[in-house]
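In what follows, a structure is listed as C-alpha cells, so that the remarks can point back to it.
There are 4 protein chains.
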Amino acid sequence: MDPKRHDWGDSNSTQEPPLHKAPRPHVGDSIQESFPHRITSIASSNTLVQIPTEQSDSAENASQSISIKETPQMRHHRASLGLHPLAPLHDDHAQHGRQDLFWSRVRVTFREPFAEFWGVVIMILFGNGSVAQVLLSTGQTEGAPGGNGFGNYQNVNWGWALGVMLGIYVAGDSGAYLNPAITFSNCLYRQLPWRRFPTYFIAQLLGGMVGSCIVYANYISAIDHYEGGHGIRTVPPVQTATAGVFATYPQPFVNKASQFFSEFIASAILMFVIFALKDEANMGMTKSAHFFPLMLFFLIYGIGACFGWETGYAINLVRDFSPRLMSYGLGYGKEVWSAGGYYFWIPMVAPWLGCMFGGFLYDVFIYTGQSPVNAPYLGLSHFFHPRQEVRRKIEAEKDLQMV
Amino acid sequence: MDPKRHDWGDSNSTQEPPLHKAPRPHVGDSIQESFPHRITSIASSNTLVQIPTEQSDSAENASQSISIKETPQMRHHRASLGLHPLAPLHDDHAQHGRQDLFWSRVRVTFREPFAEFWGVVIMILFGNGSVAQVLLSTGQTEGAPGGNGFGNYQNVNWGWALGVMLGIYVAGDSGAYLNPAITFSNCLYRQLPWRRFPTYFIAQLLGGMVGSCIVYANYISAIDHYEGGHGIRTVPPVQTATAGVFATYPQPFVNKASQFFSEFIASAILMFVIFALKDEANMGMTKSAHFFPLMLFFLIYGIGACFGWETGYAINLVRDFSPRLMSYGLGYGKEVWSAGGYYFWIPMVAPWLGCMFGGFLYDVFIYTGQSPVNAPYLGLSHFFHPRQEVRRKIEAEKDLQMV
Amino acid sequence: MDPKRHDWGDSNSTQEPPLHKAPRPHVGDSIQESFPHRITSIASSNTLVQIPTEQSDSAENASQSISIKETPQMRHHRASLGLHPLAPLHDDHAQHGRQDLFWSRVRVTFREPFAEFWGVVIMILFGNGSVAQVLLSTGQTEGAPGGNGFGNYQNVNWGWALGVMLGIYVAGDSGAYLNPAITFSNCLYRQLPWRRFPTYFIAQLLGGMVGSCIVYANYISAIDHYEGGHGIRTVPPVQTATAGVFATYPQPFVNKASQFFSEFIASAILMFVIFALKDEANMGMTKSAHFFPLMLFFLIYGIGACFGWETGYAINLVRDFSPRLMSYGLGYGKEVWSAGGYYFWIPMVAPWLGCMFGGFLYDVFIYTGQSPVNAPYLGLSHFFHPRQEVRRKIEAEKDLQMV
Amino acid sequence: MDPKRHDWGDSNSTQEPPLHKAPRPHVGDSIQESFPHRITSIASSNTLVQIPTEQSDSAENASQSISIKETPQMRHHRASLGLHPLAPLHDDHAQHGRQDLFWSRVRVTFREPFAEFWGVVIMILFGNGSVAQVLLSTGQTEGAPGGNGFGNYQNVNWGWALGVMLGIYVAGDSGAYLNPAITFSNCLYRQLPWRRFPTYFIAQLLGGMVGSCIVYANYISAIDHYEGGHGIRTVPPVQTATAGVFATYPQPFVNKASQFFSEFIASAILMFVIFALKDEANMGMTKSAHFFPLMLFFLIYGIGACFGWETGYAINLVRDFSPRLMSYGLGYGKEVWSAGGYYFWIPMVAPWLGCMFGGFLYDVFIYTGQSPVNAPYLGLSHFFHPRQEVRRKIEAEKDLQMV
C-alpha cells in the first residue's frame, strides 16, 4: 500500500502552511474559492460575519482558546475526496466547542457530499412522491375533494420544480448541483476542480436511491391497491403499471431519435438558463442570488410543462437511473431496463451531452468571463492537444492549493 | 398559598436589575435572545430602529419623560407564562404614550401567545376553508365558471400552503411555529426554552378551534345543502360526508403502518427542510430571511402535492385535533374519533416523532451549530444521565435570565 | 361665491410658509408624511435619491435655476381635494423642465386620484377578464388546447390575485388601496386623513366602471355567442347568463345571513392580514416592503380559493357595484339589482363592516403602535364623546399642516 | 463605396476622445447611459464592482498591462449597428486576457443582439413548447398521470409566462425587450436611440424562427402522431390541426374588429404595466428591480388567463410572425396566412399600436419624468413639426455621443 495514504498528518504538509498564515476565510470566501464562477454578494457575507448574536459572541470569546477544529487529518481526508482542505463553515460554527467529537469531524469532512446527498433525497422525495400521488389516485372520485383524483399532471410539475428548489436550499454548501451532468459542466466550463466530481457523483447517486426507497415505502399499500394485488409490480405499457412513479418511460409513438433529442434539448435548456442565472455579468441589475432557487423552480416547472411529455424529462442521471435501479431491486423485473426499446440508456447519456452543449452555447454567445471556450477555435483546440491541456489544468489547480 | 406568587412586584427582583442597567434591546436583539437559533439581519433591524418617521420622532421625545411601560408586574406575568420578561416590541411602540392602559398591558404581556393564536387562526381559516370550498362544490356545473366546481385538489394545496405563509406573517413576533411539534423540536434542538412550550401549545390549540369554528359558521348552509338536509352531519366513508372539511380521514386501503409512516415521513421532511431554511450557515449566499415565508408556501404545497393523499397530511396536532374536537362538539358524532379504525390518534402522535426525527437527521448530517446532537454519542448520551442534563439546562437558562 | 375658493394663490398662505422654509422632502418622506402608517425603508429611499444618473445630474444642475413646480395654485387645488399640498414626486422629476405645462400641472395635482383610478382599472381588467374568459369558454372542446375550455375556476383566482398585485404596482404613489373599505380602515385606524377619502373613493368608483367597460368591449362578440344571439343579455340564474362576468351573484342555496357573513368574514381576513403585512413592528426580520404586492397576490388568491364560492368574494364595493352599474347601463336589465333576492346591497355594505372588524381585531390583539384602539375602553370611548373626538382629530391634522 | 465605412479605425475619431479621457464606466453606468429610463440600484452595482474575488483580483492586476479590449474597430462596428460604442461589460470580464481573440471580439460587438436573440429563443422554446405539449396530448388517458393529457390551458399560461421571465434573465444586457413593439415604445417614450431598433428587431425575428424550429424538431413525431400520418400538416379549423402550436389563430366567432381590439388592448395593458414596473418614481418603496422578471411572469400569465382566448394573445410580432413564417416554410401550406380571414396581419400590426397607446396613457396620467408626452399639446405637437423634431432628436443623441 501507499504509506502516505494512511499517514494523514504529513502527506499534505506542503499545501498547508499558507492556510495557517492567512486568516481563516469567511464562509463566502471559501465558497468563492471553491466555485470561482460564483460571486458572493457583500451584503449577505457581511450578514453572516458581523451579526452580534449571543451565540457568536460566546463563540468568539471561546475562539481565543479553542483553535480551529479542522485537524490535518480532516484536511487530508477532504483533499483525498477532492474537496477543498477547508470545509465551507460558518466562522462561529467552525469554532464551536464540540467540533472535536468523532462525528463532528465526520460531518465537517463529508460536508459537501452530505449536502449533495440530502439535496438529492429531498428532490427525489418530492419528485417521485408527486408522480406517485397523481398516478395512483388517477380517477378516484370518492373521498377526493373535487371528485377527480389528488392532482393532475400539473401537480407533477409542481413536485419536481419545488423539489429541486428546496433541494438547493438544503444542499447549499456543496454548490447544490443535484445533477451529475451539471457538476460535469461546471468542471468543464467554470473551473470546478475535476477531482471533486467522483465524490459528488457518488453522493448524488446514493441520494437518488435513498429518496426513491422512501417514496416506495410510503406508497407501498397504495401501489398494491393500484396494481390490483399484493406484490404485483408492472412496468409500462401495462395498463396498471406503477414503475413510472420512479423512473421515466417514453410515450409509445416517439422514436429513438426523438427520445434522444427531447432529453438532449431539455438538458441544453437547463444548462443554458442556469449559466445565465449564475452569470452576474449579464444584467447584474435585476439579478439577485436570493432569487436563484425560486428561478430554478420556474425553470424545472417550465421544462416539465413544455418538454416533459415525450420522455418524462429525466434530464438527470440520478433522477432516472438511481430510482430505476432501486425499482429493479424491489421486484419490478427486467422490464425496467427493456421497456421502451431499452430506453433506459438515453437518460443516462443525453443529459451529459445536452448540458455540455447548452453550456457551450452560452459561453460562445454570451459569457465573457473565464471559460475554455474563450480560447482559440472556441476552445475546441483543447481537443487537439489534450495532454498539454491536462498538464496545464493540474498546474492551475495546484496554484489554487487544491491538489 | 405561596405569597410570592401574588407579590408580582418583588418576586422577580433578582432577575431584573441587569435589565434596568442595559439599554433596552432592539426588537431584533430581543428576538435573538429569545430564539437563539435565529440570526437577525443587520439591514432589517436598522430599518426598524433608525427610520425618522413622524411617529417615532414624537415617541422619542416622549420617551424622555415616559419610561418603558413593561412594569414589574407585566414582567412577572410574562415570566410565569414562560416568556422572556421583555416582550419583543418595536422600540417606538414600547414607548407609546398609551401603553399603560389595562388592555395595552394585556396585549404586551400575551404578545407571543396572541401571535401564535392568530397565526393558527389564519392558517386554519384558509386551510379548512379551501377544503370546504372544493369538497362542497364538487361536481357543481351550473353557475360555476369552467363548469366543474370551484377548484380541484390543487386548490386545497394552495389553501394550506398560503394559509401557513400568511399565518407566519401574522404570527411574526412569536417565532411563528403554528405547530406544537415544531415548537417542540425547537426546544429540543435549538435552545428555545422549554417553559414556553405550554403557553404556545395552548394558544395554538385554541387557534385551531376558533379557526375551524369560523369556517363552519361560514359554510353552514353549504354543508346543509351538501349533506342533503338541515343538521345532518356525517363522517367518511359516508358518501356525502363533510367531516373531512375539518379533520383528516385516511384513504380506506391504507393500513395502520402506512398511515403512521405517511404522517411520520411528511413531518420529518417538514422539520428537515425548515431547519435547512433557517440554517444561515448553510449557503448564506442564496438565503434571505425575507424568503422564508414564501419557501414555507412551497414546502407545504409540496407535502400536500406529494404526500397528501393517503392520510391528508395533518403533520400538525392543532390542524387535526382542534378541528376534530370542534366538529365533535358541533354534532358530527362519535365517528370523528372512530373513523378509519380510530385513526385520530395518528396525527396526534406521528408529527412529534416525525419532527424529532427530521430535526435529528439535519443536525446529525448538516448542522454545525450548537445542538444537543453535537455531543458524545450524537447526543443520545442525554438519555443516559437525564437528571444531570435537566440541571444543566436549567442553569443555562438562568444564565440567560429567563427563569 | 366664496372668493377665497378662486383666489388660489392666497387662501392657503397660512399653511405654506413652513413648506418653503424646509428643504423639499424626498419621495419617501412625503409619502411617510401622507401615510403615517407606512414606514419607508432607508435603503429604498436612498436608492431613489442618491443614484448618480445622467438624468438626475442634469436635473440637479437645472434645479438651481428652475424652482419647484408646485405652484401655490396646485397646492391649493390639492389641498381642496384633501391631498397633501406637495405631491409625492421623485425629486428629479419634480424639477423637470416641462413641469409648468398645463397638463403636467394637472398630472401632479391629481397624482393620487389618477394612481388609484388606474390601479383599479388594472385590477378590474384582469379580474373581470379572467371570469369572462373562463365562463364564456366553458365546455369548449374544439380549438382549446387540452380540450376543456380556456381555464377553470383556479384561473379566476389567478386573475383577481394578480390584478390586485399589478394594480398595487401601478397605483404605488397613492397608497394603493384599490378598495374604499380599506381606505376607510386606514383613515379609522392608521391616521390617513379623512378628507382624502372622498377623492380616493370617486377615483376608485370611476376606475371600476372604466375597467369593466373595457372588458365588455373586448368580449362583446364572445358574449353574443355565449348568450345565443346578438344583444341578448341575461343575469343568473339563467343558464347562459353572462352578468356574472362583471358583478357577483350568490349561490342559490345560501341564505341572506350566510351571504352577509361570507362577505363580512372575507373582508375581515383581508384587512387583518394587510395590517399584519404592513405592521413593521411585527417580525421586521422576515418582512420586506418589496414582498407586499406578492403577498397580496397570495392573500387574494387565498380568499378566492377558500371563501370565494358562496358569494363570489366581492369584498370591495368598487369591484362589485361599479361593474354592476355598468352592466345595468349596458342592457342587462333590472335583474342585476334584483337577482339573488336583491343581493346587490350586501357587497356594498359588508366589506366596510368586515374591514372595520378585521382592523379592530388586529389592533386589539397585536398592533402596538398609535391607533384609536389604544385608548380607554379599546377606543370605544370615542363613540361616547364624538364631538370632542372630531375636534381633536382636526387639530391633530392641522399640526401636520394638512388642513 | 464610402471609404470611411471600411476605415474602421478613423471614421469615429470625433466621438472617441471623451471615451478615452473618462474612466471606463461601470456596468451599471453604461447600461444607464444606454437606457436612460432605467435606474441602477446602488447596492447591485456595488456588488458587481467591489467584490474581491480571486478572478477579479487577478484581472485587476492584469488590467495594468492589458488595455481594454474594445478596439476602435469594434466600436465602429457597434456604432454602425446602432449600439453604444462601449459594450455593457463587466469590468473584470472586459479586461479578460483572451478578449482579443476573433470570436471574443465578435461576442462583444454583437453583445446586445446576441442577448435579444437568445432571450427570444428561450421565450419561444417554452411558449411554443407548452402549447405543443398540451395540444398534442389532449385527451390522452393512458400513460398520463391523472388520466387527462399532459397539462391543460393553464399550462400554456405557465409556459409563456415563465418563458418571458427566463428570457429576460438570459437577455439581461440588451434591455431584454423580447418584443419589437416594446423596443419601439422605449424608443418613442424613453429615449432609447432609434438607431438601435433595426438591430434589435432583426435579432428578435431570427430568435423567433430558431426557437420555433427547435420546438418543431422536438415534437415532430408527436405532430405526425396527432395529425394522423407522416408529413400531414394542417391549420385550424381542421380538427387535428397542429399549426396552432406555432402561431395564433382566432376563435371562429370573433369578428375582425374584436380580433383587432383584443390584441390592441392586451398590448396596451402589457406596455402600461411594464412602464409602471419600470417607473422607479412611482412607489419606489415597494419596488425592486429584482422583482421585475417575476412580475413579468405574472403579467404575461394574467394576459393569457384574462385576454388569451379570443385571439391567442400574440401581443408580439416575433412571437407570431416568426413561427408562422417558419411553419409556412415547413409545409403547413398557404393556410397559415389565409386562416381566420387572413388574420395573420393583426398580430403584426395591433401590438405596435397597442404598446404605443399603453405607453401614451401611462405617460399622460402617471409618468413625471422625461417623455415626449411632457410637451405642449401632450407631445402631439411633434406631429406638427416633424422635421424640426427629428433634427432636435439627432442633436440630442449626438450630445450623448451615440451617433
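Sequences listed follow chains A, B, C and D, in order. Residues 1 to 403, numbered by the UniProt record's numbering, are exactly what the first sequence covers, in order. Residues 1 to 403, numbered by the UniProt record's numbering, are exactly what the second sequence covers, in order. Residues 1 to 403, numbered by the UniProt record's numbering, are exactly what the third sequence covers, in order. Residues 1 to 403, numbered by the UniProt record's numbering, are exactly what the fourth sequence covers, in order. Cβ coordinates follow ideal geometry from the N, Cα and C atoms, glycine included. Since this is a predicted model, take the numbers as computed values, not measurements.
Can you name the residues of chain A whose CB is closer than 8 angstroms to the CB of residue i?
| i | result |
| --- | --- |
| Pro236 (chain B) | Gly143 |
Assuming residue i is part of the alpha helix (DSSP H), what are its boundary residues?
| i | result |
| --- | --- |
| Asp279 (chain C) | Counting along the chain, Asp279 (chain C) falls outside any alpha helix (DSSP H), and DSSP gives it neither H nor E. |
| Phe201 (chain A) | Phe197 to Glu227 |
| Gln133 (chain D) | Arg111 to Leu136 |
| Trp345 (chain C) | It is not in any alpha helix (DSSP H) - Trp345 (chain C) carries neither H nor E in the DSSP assignment. |
| Arg319 (chain C) | Leu317 to Ser327 |
| Leu166 (chain C) | Tyr153 to Val170 |
Whose C-beta lies closer than 7 angstroms to the C-beta of residue i among residues of the same chain, with five residues either side of it excluded?
| i | result |
| --- | --- |
| Leu378 (chain B) | Val364 |
| Tyr313 (chain C) | Ala266, Ile303, Gly304 and Phe307 |
| Ser258 (chain C) | Glu310 |
| Ala339 (chain D) | Val235, Pro236 and Tyr249 |
| Phe117 (chain C) | Ala203, Leu206 and Gly207 |
Within the same chain, show all residues whose beta-carbon is closer than 8 angstroms to that of residue i, passing over the 5 residues directly before and after it, in chain order.
| i | result |
| --- | --- |
| Leu135 (chain A) | Tyr226, Thr242, Gly244 and Val245 |
| Asn152 (chain D) | Val134 |
Give the DSSP-derived three-state secondary structure of residue i in the structure shown.
| i | result |
| --- | --- |
| Leu192 (chain C) | coil |
| His77 (chain C) | helix |
| Ala87 (chain A) | coil |
| Leu353 (chain A) | helix |
| Tyr249 (chain D) | coil |
| Thr311 (chain A) | coil |
| Ile394 (chain D) | helix |
Along chain C, which residues have their Cβ under 7 angstroms away from the Cβ of residue i?
| i | result |
| --- | --- |
| Ala217 (chain B) | Phe261 |
In angstroms with no decimal places, state the Cα-to-Cα distance between residue i and residue j.
| i | j | result |
| --- | --- | --- |
| Ile223 (chain C) | Gly149 (chain B) | 22 angstroms |
| Val403 (chain C) | Gly82 (chain C) | Confidence is the limiting factor: at Val403 (chain C) the pLDDT is only 39, short of 50, which leaves the residue's position unreliable, though a coordinate-based value still follows. The alpha-carbon atoms of Val403 (chain C) and Gly82 (chain C) are separated by roughly 8 angstroms. |
| Asn155 (chain B) | Val273 (chain A) | 30 angstroms |
| Phe298 (chain A) | Val131 (chain B) | 26 angstroms |
| Gln239 (chain C) | Gly228 (chain C) | 11 angstroms |
| Met271 (chain C) | Ile315 (chain D) | 36 angstroms |
| Pro88 (chain A) | Arg105 (chain A) | 13 angstroms |
| Asp320 (chain C) | Met209 (chain C) | 10 angstroms |
Residues in the same chain with beta-carbon distance under 6 angstroms from residue i, minus the five sequence neighbours each way, listed in chain order, please.
| i | result |
| --- | --- |
| Thr234 (chain B) | Ala241 |
| Gly354 (chain B) | Phe264, Ser267 and Ala268 |
| Pro113 (chain B) | Thr199 and Ala203 |
| Gln50 (chain D) | Its pLDDT being 30, under 50, Gln50 (chain D) is placed unreliably by the model, and the measurement read from it follows with that caveat. Cβ within range, chain order: n/a, list empty. |
In chain B, which residues lie with their C-beta within 8 angstroms of the C-beta of residue i?
| i | result |
| --- | --- |
| Val170 (chain A) | Phe272, Val273, Ala276, Asn282 and Ile366 |
Just the chain A side, please: which residues come within less than 7 angstroms of residue i by C-beta, in chain order?
| i | result |
| --- | --- |
| Asn155 (chain D) | Gln154 and Ala305 |
| Met165 (chain D) | Phe298 |
Looking at the ligand NAP, does it come within less than 8 angstroms of residue i, judged from the CB to the closest heavy atom?
| i | result |
| --- | --- |
| Glu310 (chain C) | Here there are no bound small molecules, and the ligand NAP is not part of this structure. |
Residue i versus chain C: which residues are under 9 angstroms apart at the beta carbon?
| i | result |
| --- | --- |
| Arg319 (chain B) | By Cβ distance, chain C contributes nothing, its closest Cβ being about 15 angstroms from Arg319 (chain B), past 9 angstroms. |
Identify the contact partners of residue i in chain B, using a Cβ-Cβ distance below 7 angstroms as the criterion.
| i | result |
| --- | --- |
| Ala247 (chain A) | The contacting residues do not exist; Ala247 (chain A) stays about 17 angstroms from chain B at best. |
Just the chain A side, please: which residues come within less than 9 angstroms of residue i by C-beta, in chain order?
| i | result |
| --- | --- |
| Val254 (chain B) | Ser221, Ala222 and His225 |
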